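**Q** Take a look at the following structure, please.
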Amino acid sequence: MPGSLSTLKVLFAALAMLFVVAGPAAAQLSFNPTAQAVQEDKLLNALKEGDKISGRVSIPDKMSSSLIQPAGRDWRDFLRNTLPIIGGVAIIGMIAVLAIFLMVRGRIRLEKGFSGRKILRFAAFERFTHWLTASCFIILALSGLNISFGRWLVLPLFGANAFSAMSTWAKYAHDFLAFPFMVGLVIMFLIWIKDNVPGKLDLQWIKQGGGLLSNGQHPPAKRFNAGQKGIFWIVIIGGALMSVSGWFLLFPYLPADVTTLQFWTVIHAVIAMLFIAAMLAHIYIGSVGMEGAFDAMGTGEVDLNWAKEHHALWVEEEQAKGQAPSGTTPRAMPAE
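The working numbering applies: residue 49 is where the sequence shown begins, and numbers increase by one.
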């Protein structure tokens, strides 16, 4: 027992000495409330001024060093609130304009009816390029619109599980179909650029409204009129912007900066909404809006009367080259 008491005394003495020695060191490690408040003020001021707060990282992804980026909140609010308004106004507005135009003007009919004779307008490779790009665009558009409107329109209809599965496959389609879409854009530019250079005839076509607002004679045009040239350049320029911005979204480490990545995200989203609205007009004219127009990309051949009414100068050029219209059986003129 006396030995145990001696041992305890030694332990207590050792602990006491430890506290005495460690006291100054503990005091040095303690936080200074005033100094901490100063650091918090710096943090708050940085947030107010919109500066991002970054740390240091050793991994290759330098963007992960951003701890807080106040501009990210503006970017998120834009995508969630402002972008759907832009898209809604552009797309629904275009649909409304086309519906009113159809009710007022009606379908653009052939003045002399179908002749039954055909002339080749687009070769097989041209039609393949068009449908490759167009089909990819439709899927890209629908899968992209799902990001902005899916939670409001699709989710309530199909439920959370189905919406999640659909959105996952939509993302895969959007990522992988971007590549054939870009290839199609390049080919379209190469094969049609020579026929889409603006000229003096286009000014006359624009002055007459392309003959779309009246039942009179359509202004003369070569292979592509001013309206078709406008669509061509919308596709090429809009597609180029979509491709460049989409490339950064597919490979987000390329910008090496969060702010740059957010900038391209906004560009991609806004151009997409306007692009879709413009293509709705193109689809309308090429299908419901104009009689005989779909044949150009459907079979590649159009009726000779259609070609003469809309592209008279082009018909003269083709006949001068020796292209003779095919077919001799006339088709009845559809009732108005």
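C-beta atoms are modelled at their ideal positions from N, C-alpha and C, and glycine is treated no differently.
Keep in mind it's a predicted model, so treat the numbers as computed, not measured.
I'd like to know whether the C-beta atoms of L158 and E364 end up nearer to each other than 8 Å.
**A** Result no, Cβ atoms of L158 and E364 do not sit closer than 8 Å.
**Q** Under the three-state reduction of DSSP, which class applies to L168: helix, strand or coil?
**A** Three-state result, L168: strand.
**Q** To the nearest angstrom, report how far apart I143 and N244 are at their CA atoms.
**A** Taking the straight line joining both Cα atoms gives about 27 Å.
**Q** For A409, which residues in the same chain have their Cβ closer than 6 Å to its Cβ, ignoring the five residues on either side in sequence?
**A** Given that the chain is displayed from residue 49 to residue 384, the structure contains no residue 409 and the question cannot be resolved.
**Q** Among A147, G275, W123 and L127, which one has its Cα closest to the Cα of N194?
**A** The option with the nearest alpha carbon to N194 is L127.
**Q** Could you have a look at A305 and say whether DSSP puts it in helix, strand or coil?
**A** Rather than Ala, the amino acid found at residue 305 in this sequence is Asp. Coil at D305, not helix or strand.
**Q** With H, G and I counted as helix, E and B as strand and the rest as coil, what does DSSP make of E349?
**A** Strand.
**Q** From T347 to I167, what does the alpha carbon distance come to, in whole angstroms?
**A** Looking at the two C-alpha atoms, the distance is approximately 11 Å.
**Q** Just to confirm my understanding: we take A325, look at its own chain, exclude 5 residues before and 5 after, and list those with CB closer than 6 Å. What are they?
**A** Taken in chain order, the residues that qualify are A138, I139 and M142.
**Q** Is the separation between the beta-carbon of A226 and that of L298 shorter than 8 Å?
**A** Going by C-beta atoms, A226 is nearer than 8 Å to L298.
**Q** Could you spell out where the alpha helix (DSSP H) holding K248 opens and where it closes?
**A** First-last of the alpha helix (DSSP H) with K248: K248 to K255.
**Q** Let's see if you can read the secondary structure: which residues bound the alpha helix (DSSP H) around D122?
**A** Unbroken alpha helix (DSSP H) run through D122: A119 to D125.
**Q** Comparing alpha-carbon positions, which option in F162, M327 and E174 lies nearest I239?
**A** For the residues F162, M327 and E174, the minimum Cα distance to I239 belongs to E174.
**Q** Between the C-alpha atoms of M230 and G294, what's the straight-line distance to the nearest angstrom?
**A** C-alpha separation (whole angstroms): 10 Å.
**Q** Determine the direct distance from the alpha carbon of F296 to that of L322, and round the result to whole angstroms.
**A** The alpha-carbon atoms of L322 and F296 are separated by roughly 20 Å.
**Q** Is the beta carbon of L180 less than 8 Å from the beta carbon of P228?
**A** Closer than 8 Å, so yes.
**Q** In the DSSP output, which residue or residues are listed as bridge partners for M338?
**A** Per DSSP, I156.
**Q** Which of the three DSSP states, helix, strand or coil, is assigned to P268?
**A** Looking at P268 - three-state DSSP - the assignment turns out to be coil, as it is neither helix nor strand.
**Q** At the level of alpha carbons, what is the spacing between S122 and L309?
**A** According to the sequence provided, residue 122 is Asp. The question's Ser does not apply to it. Using only the alpha carbons, I get a separation of about 14 Å.
**Q** Less than 7 Å between C-beta atoms, sequence neighbours within five positions excluded: which residues of the same chain meet that for H316?
**A** Answer for H316: M290, S293, G294 and L297, listed in chain order.
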